[in-house]
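One structure is given below, encoded as structure tokens.
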Amino acid sequence: MGETIFDQGSVSDCAYIIESGSVEILEKQSDGEYRLIEVLKPNEIFGEMGVIDGLPRSATARAREDSHIFVLTRDAFHHMAQSKPEVMVPILKVLVSRLRQTMGSMAGTCRPARRELHRV
């Protein structure tokens, strides 16, 4: 396994952009095991949610191989958003895509429970 970039639950003080290599996003389950959520490739951003809302990390990020990653601090992120708002459009698209993916996953896990509820 590669180097951990940040752990689920840690402080969100920067976002990251992959220059080369790949990063896996993992969610720690209640049994302590990790579930792979996504594998990110060059030019993809991650860790952006915490920079925006200031809440702890919702997942763990780990390099899968030797990777070069740019660190974007909260101050730099906010400065960029104010001085070049057009830069935010691709980031918003990433956020919307991840939200849709999460909603799709949630809908899939709720269906069996609804069927069971109807049987009762």
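Just add 4 to the spot in the sequence shown (first one is 1) and you have this note's numbering. For glycine and all other residues, C-beta sits at the position ideal for the given N, C-alpha and C.
Chain-order list of residues whose beta-carbon lies under 8 Å from that of Glu69 (same chain, five-residue window excluded)
Gly6, Gly25 and Ser26
Output needed for Leu44: all residues of its chain with C-beta closer than 7 Å, excluding positions within five of it in sequence on either side, in chain order.
Ile22, Ser26, Val27, Ile29 and Phe50
Considering just the uninterrupted stretch of the beta strand (DSSP E) at Ser24, what are its terminal residues?
Cys18 to Ser24
Indicate the three-state DSSP secondary structure (helix, strand or coil) for Lys45 in the structure shown.
coil
So for Leu59, helix, strand or coil by DSSP?
coil
Leu40 versus Pro94: straight-line alpha-carbon distance, rounded
24 Å
Glu28 - DSSP class collapsed to helix/strand/coil:
strand
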